[in-house]
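Working notes, structure below.
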Amino acid sequence: MPLLRLIGFTREVTCHFAQGEKAVAENKPDVGKLVDEAAKAIGLPIAPEYRDDVILNYQRSLAIVAPLLAVDLDDPLTPAPVYRP
8 MPLLRLIGFT
18 REVTCHFAQG
28 EKAVAENKPD
38 VGKLVDEAAK
48 AIGLPIAPEY
58 RDDVILNYQR
68 SLAIVAPLLA
78 VDLDDPLTPA
88 PVYRP
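First residue of the sequence shown? That's 8 in our numbering, and the numbers climb one at a time after it.
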């Protein structure tokens with residue numbers, strides 16, 4: 008169950024970034040909390056001296072993916088839930 012909550016929180020943070028810089032500035036997601044919860048969920052310890060850099064890299068990753076997530080896919084372009092060759 009914690010992993011499902013983490014996935015939901017990740018989607019929420021990513022959606023904030025996909026809304027653009029203005030929306031992010033007005034309603035900034037807590038990326039630090041996301042990093043802490045993700046590390047805990049997968050059992051990855053992050054040394055305190057590296058935590059700020061991990062958060063910075065996560066923010067950069069979210070900024071990179073934001074334009075892709077901002078594109079609305081039409082129904083015909085939505086991938087099928089099950090791949091059948």
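Backbone N, C-alpha and C fix where the C-beta goes; we use that ideal spot for every residue, glycine too. Treat the numbers as computed from the prediction; the structure is a model and nothing was measured.
Remark: C-beta atoms of V61 and V89 do not approach each other more closely than 8 Å.
For A73 and E44, the gap between their C-alpha atoms comes out near 21 Å. Rounded to whole angstroms, the gap between the alpha carbons of A70 and D37 is 14 Å. If you look at V38, you'll find it in the alpha helix (DSSP H) that goes V38 to I49. Cα atoms of I49 and V78: separation of roughly 30 Å, rounded to the nearest angstrom.
When secondary structure is reduced to three states using DSSP, A54 falls in the coil class, being assigned neither helix nor strand. Taken through DSSP and simplified to helix, strand or coil, Y90 comes out as coil. CA-to-CA, the gap between Q66 and D81 works out to about 28 Å.
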